[in-house]
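Residue numbers for the sequence shown follow the working numbering, beginning at 79 and rising by one. Reading through the structure tokens given below for one structure.
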Amino acid sequence: MDIKGKVHEVSPTLQVTDSLKKRELIVEYIENPQYPEYLKFEAIQERCNLLDNVKVGDDIEVFFNLKGRKWTDKTGKVVYFNTLGLWKVNVLSATATAAATPAYAAP
């Protein structure tokens, strides 16, 4: 699956456990301009690096998998969770400050 939107927030990488790190991306998705939606995508492990060059305000295309889980708490109540697991990000147009920064080292 994929969507296009504007970067609203990019979290720093969070080391959840010794073997798990994750990073979140919030995208403003405007299908109806009167009611913009904010979607939270999750990058896990080596995919955290996909967000290194993504800046707030960038127009992007996000490719992701929709995941769902069922969990039963201690009282026996069943709860369902959804996760949008990103696996590719294309920057369509960078913000002015990001565009002014060269993508290579100066000689």
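Positions of the beta carbon are idealized from the N, C-alpha and C atoms, including for glycine. For clarity, every value in this text was computed on a predicted model and none was experimentally measured.
Within a Cβ cutoff of 7 Å, which residues of the same chain sit near residue 135, ignoring the five residues on either side of it in sequence? Taken in chain order, the residues that qualify are 84, 85 and 173.
Taking residue 115 as the reference, give the member of 141, 168, 104 and 160 with the closest Cα. The candidate whose alpha carbon is nearest that of residue 115 is 104.
Can you tell me whether DSSP reads residue 85 as helix, strand or coil? strand
When DSSP labels each residue in this structure, what does residue 109 get in the three-state scheme? coil
Taking only the alpha-carbon atoms, compute the straight-line gap between residue 106 and residue 143 and give it to the nearest angstrom. Spanning the two alpha carbons is a distance of roughly 18 Å.
Please work out which residues of its chain come closer than 6 Å, Cβ to Cβ, to residue 159, disregarding the five sequence neighbours upstream and downstream, and give them in chain order. 147
Apart from the five residues just before and just after residue 101, which ones in its own chain have a Cβ nearer than 6 Å to its Cβ? 89, 91, 121, 126 and 129
In chain order, what are the residue ranges of uninterrupted beta strand (DSSP E) at least 3 long that sit wholly in the segment 107-163? Within the segment 107-163, the complete beta strand (DSSP E) runs of at least 3 residues fall at 115-122 and 137-150.
Assuming residue 168 and residue 139 make a contact with CB atoms under 8 Å, what is their CB distance in whole Å? 4 Å
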